[in-house]
Each structure stands twice: as C-alpha cells, then as structure tokens.
Amino acid sequence: MVKAIVGANWGDEGKGKITDMMAREADIIVRFQGGANAGHTIVNDYGKFALHTLPSGVFYEHTTSVIGNGVALNIPVLFAEIQSIVDQGVPAPKILVSDRAQMVMSYHILFDQYEEERLGGKSFGSTKSGIAPFYSDKYAKIGFQVSELFDEQALSEKVVRVCETKNVLLEHLYHKPLLSPEDLKKELMEYRRMIEPYVCDASAYLWNAIQEGKDILLEGQLGSLKDPDHGIYPMVTSSSTLAAYGAIGAGIPPYEIRKIITVCKAYSSAVGAGAFVSEIFGEEADELRRRGGDGGEYGVTTGRPRRMGWFDVVASKYGCRMQGTTDVAFTVLDVLGYLDEIPVCVGYEIDGAVTTEFPTTVKLEKAKPVLEVLPGWKSDIRGIKKYEDLPENCRKYIEFVEEKIGFPITMISNGPGRDDIIYRSSKRSGN
Numbered sequence: 003m004v005k006a007i008v009g010a011n012w013g014d015e016g017k018g019k020i021t022d023m024m025a026r027e028a029d030i031i032v033r034f035q036g037g038a039n040a041g042h043t044i045v046n047d048y049g050k051f052a053l054h055t056l057p058s059g060v061f062y063e064h065t066t067s068v069i070g071n072g073v074a075l076n077i078p079v080l081f082a083e084i085q086s087i088v089d090q091g092v093p094a095p096k097i098l099v100s101d102r103a104q105m106v107m108s109y110h111i112l113f114d115q116y117e118e119e120r121l122g123g124k125s126f127g128s129t130k131s132g133i134a135p136f137y138s139d140k141y142a143k144i145g146f147q148v149s150e151l152f153d154e155q156a157l158s159e160k161v162v163r164v165c166e167t168k169n170v171l172l173e174h175l176y177h178k179p180l181l182s183p184e185d186l187k188k189e190l191m192e193y194r195r196m197i198e199p200y201v202c203d204a205s206a207y208l209w210n211a212i213q214e215g216k217d218i219l220l221e222g223q224l225g226s227l228k229d230p231d232h233g234i235y236p237m238v239t240s241s242s243t244l245a246a247y248g249a250i251g252a253g254i255p256p257y258e259i260r261k262i263i264t265v266c267k268a269y270s271s272a273v274g275a276g277a278f279v280s281e282i283f284g285e286e287a288d289e290l291r292r293r294g295g296d297g298g299e300y301g302v303t304t305g306r307p308r309r310m311g312w313f314d315v316v317a318s319k320y321g322c323r324m325q326g327t328t329d330v331a332f333t334v335l336d337v338l339g340y341l342d343e344i345p346v347c348v349g350y351e352i353d354g355a356v357t358t359e360f361p362t363t364v365k366l367e368k369a370k371p372v373l374e375v376l377p378g379w380k381s382d383i384r385g386i387k388k389y390e391d392l393p394e395n396c397r398k399y400i401e402f403v404e405e406k407i408g409f410p411i412t413m414i415s416n417g418p419g420r421d422d423i424i425y426r427s428s429k430r431s432g433n
C-alpha cells in the first residue's frame, strides 16, 4: 500500500517524526518534492537528527530510500547528509535516485542570494538554498536532469547555452562574476562521479514494488499553505506540497495513494514571510517558542526563530481538505501543558464579516482572528500511551479541533521520540 505523509499548514508540523515512526512498517520511503531548503527533525535510538534531503525513514536497515524525480537534488548536500548520519552510528542507508530528478547547481544558490539581496526589504524570506531558481530553470527547460550526466557530448553543448542565458543576468542585473562553461562542465562531471552508483529508473522500481505488495511511504516537504497554487502565494515554495503531487513527484499512478496522513500541530508555527492570521507576539510567543518542539521552535535549516500562533482551524481545515486527508496526526500536544487557557482561531474576520473558509492572499492579509478559548489541562502528558488516560480537558481540546476541522485525528504525538505516540480510533474515521 502507498501512504503519503504531508503537512497541513506552513511546514514544520512534525512530519519527520511521523515518517520515522511509520517507516518501521514500510519497505520504501520516497521524497517526492522540494529540496534542502527545509528540514525534518527526528529523535530516535541513534540520537537527534536534522534531515534536509534524505527521506526520514533512513534509520531502518530494512528500508530503501528513494529520491524522486520531483525533488530539487543538491548532490553535495545529499552526500554530506549521508556521511553525517553514518558518522553518528547509523548503518549506511540504501539509497536510489531517480534518473529524472534534476540537480540544484551552485549557480542556483548564487542567484537565490543575489535576488534576495536585490529585493532588499521586499524579499520573499528565501532560505537561499537555490530552490526558486532551480524550479524556474526546470520549467524554463534549461535545468540539468540526472540522466543528462551520462551524455557528455550533449552536456558540453548545453553548458554553453546555459552560461549565455545566465551571464546576461549576472552582468546586467546583478553585476556579479560571470559563469564559465568549463567550470560548469567540471561541476557536472563531479556530480556524475558521486551519484552514478545510485541512479535508477525510480518509477519502474516503484511500479514493480507496488505489484509485489510492498509498503511505500511518500514524504512531502513543507505544508499545504506553502503550495504554489493553493497556498499563500507569493510567499510559497516552488514545488507542490500536496499529496496529489506525490504521484507525479514519485512517478506512480495517483489511484495507488490509499492513505493520506496529514500532520497538524496542536498550535501554529511558521518560518519565513507571509500572512499568518493566528500569530502571537511578545512574551506570549517567546514562551511558546521556548517550550515548543524538541529544544524550541527554530528552523531546522536556517536556525531562524519560528513565528508562533494558536491553532488555526480555518487554515488547518483548508490544509487537510487540499491534501485529501484520511488521517490527521496531531503533534506537539504535550507543549501546551503549561497553559491555563488555550485560545483557538475558529474564524477570520475580513471587512466586518466572519468566514471559516480560507481566502486568497489579498483577503488573507486583511483577516483578523476570531478566537475561542478552551480550558488547559495544566499537566505533563508525556509518557501517556492510551487516549483515555489523557486529562479530560486535553481530550476535549483534541475533540474540539477534530470537530472543527472535520477530519479524523487518529494519531497524537505527545513527545519528540519515535514511541511518544497515542493511537486513537475516531468516530469520524470509521476506524
């Protein structure tokens, strides 16, 4: 069976932990989009890890990790990441890379930096990992696909064409040093040397695995609200963050995705710019940030303090709907145990009218949160394994959120570790 694990909101929902946990029962884990611009934090028996390109199931010896064709593949970052986990005692993972994946080039990272610099105060809050220039080139058809590394003659001609295009911008827009075809070819040949042992026809491999009844996890990056079509455009990422794209980014039939586990935080957080209606500030935000996650709410890739907010029903309901959610995994619930009262954003007030439907960005910028306050449970819930053992107010909070978003919460994460999880049958899920 194929299952997708995706985010409901702005990213940073805790997908890495859920993938790491579910990989125990999986044969294959596929990253299907995004690049090294966001990360997944994982705490397991080997220690604490921040992964950027590797799928979050690499810690099990029985799994194969696939980098799908939809990924922005930064080869040096991938290999540094493999080395870093092996150095911490993790057995060398089995990795396959799609021959149709495209590569993040060193100049993509430079163009990302140059553009943010040029935009100044109007920048998009990029992580400067080269992701937007990479996807721009992919769709402009001047990207480099892994398969092209093995046709040296065609590659020699292409690097000349690419340099001509890029150098116009470097000279006249950015006033930066120009690219040389020789350097570019050398970079590509080094990538070929590194990646060659791992390259395969990933979609054929996955098709055969499906026929054999293998369990496959599709792991997404970021969340619904960062999707370029359905998110808070233009403050979005450059590849689709939706489970539907898992079929494209992995190269499998869409009807094979049978379960979509959408990860939702018990409060809200976001890295980077963009509308964030339930955002809180000052000491209230600082305390939630300090207590949040495992060691605080800071970006896995950037180290930037995350913006904090209360649970947003409007955004989460929309995020779950866009993903096609079958199950919600509700994470970091343990963090809220210090609060006497817990506000929840249940609606948006826009131009004097209240809505519970997530609007387009123009309207979103004007939205004010409509809050409902629930009583806290004032206790530490880590270590609890059964839903009925949770404090009454904690259960009421979960059931309130479930009722409002309209999707079944079947997993509750109450700590950072792989086993800090409560499974729950939900009336909504029919489980």
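Take the sequence shown: its position 283, counted from the start at 1, is 285 in my numbering, and no numbers get skipped. Cβ atoms here follow ideal geometry from the backbone N, Cα and C, with glycine treated the same way.
Here G36 is bridged, per DSSP, to V73. In the three-state reduction of the DSSP assignment, A10 falls in the coil class, being assigned neither a helical nor a strand state. Less than 7 Å separates the beta-carbon of V32 from that of V68.
7 Å or more divides the Cβ of A245 from the Cβ of E367.
Assignment of S270 by DSSP, reduced to helix, strand and coil, places it in the strand class.
For I414, no alpha helix (DSSP H) segment is defined; the enclosing uninterrupted segment is the beta strand (DSSP E) at I411 to S415.
Under the Cβ criterion (8 Å, minimum of three pairs), the stretch 281-299 does not count as touching the stretch 250-266. Per DSSP, the continuous beta strand (DSSP E) segment holding S100 begins and ends at K96 to S100.
Comparing alpha-carbon positions, the option among N416, K5 and H110 lying closest to V337 turns out to be N416. The C-beta of Y425 has fewer than 16 other C-beta atoms within 10 Å across all chains shown, which makes the residue exposed. For H42, the uninterrupted beta strand (DSSP E) segment begins and ends at H42 to N46. Distance from the CA atom of L227 to the CA atom of K267, rounded to whole angstroms, is 14 Å.
For K387, the secondary structure class from DSSP, reduced to helix, strand or coil, is coil. The alpha carbon of Y399 has as its nearest neighbour, out of K365, P361, T333 and A369, the alpha carbon of T333.
Per the C-alpha coordinates, the member of D14, L121 and Q35 positioned closest to E221 is Q35.
C-alpha of P179 to C-alpha of Q90: approximately 39 Å in a straight line.
Using a Cβ distance threshold of 7 Å, D329 and T412 count as a contacting pair. In this structure, L224 lies near G9, with their beta-carbon atoms less than 7 Å apart. Shown here, Q90 sits in coil according to DSSP, grouped into three states, outside any helix or strand. Rounded to whole angstroms, the gap between the alpha carbons of I212 and V99 is 18 Å. Just so you know, the alpha carbons of G122 and F146 end up roughly 29 Å apart.
Beta-carbon to beta-carbon, V273 and D22 are separated by about 21 Å, too far to satisfy the 8 Å threshold. A distance of 7 Å or more separates the beta carbons of A52 and V79. Taken in chain order, the complete alpha helix (DSSP H) segments of 4 residues or longer contained in the stretch 200-272 are 204-213 and 245-252. T66 and P418 have their C-alpha atoms spaced approximately 24 Å apart.
Apart from the 5 residues on each side of it in sequence, I250 sits with its Cβ closer than 7 Å to the Cβ of G72 in its chain, given in chain order.
Taken through DSSP and simplified to helix, strand or coil, G349 comes out as strand. In this model, I383 and D391 are separated by some 9 Å (Cα to Cα). Residue burial is scored here from C-beta neighbours: K130 has at least 16 other C-beta atoms within 10 angstroms and is therefore classed as buried. Looking from the CA of Y207, the closest CA among D101, E289, Y389 and V162 belongs to D101.
D342 sits in coil when the DSSP states are folded into three classes, being neither helix nor strand.
Inclusion of Q325 and T264 in the CB contact set at 7 Å is warranted, their separation being smaller than that value. The Cβ atoms of G248 and A6 lie closer than 7 Å to each other. Rounded to whole angstroms, the separation of the alpha carbons of E27 and M3 is 11 Å. Put simply, the backbone Cα of L112 is about 15 Å away from that of H174.
DSSP places D422 in the coil class of the three-state scheme, outside both helix and strand.
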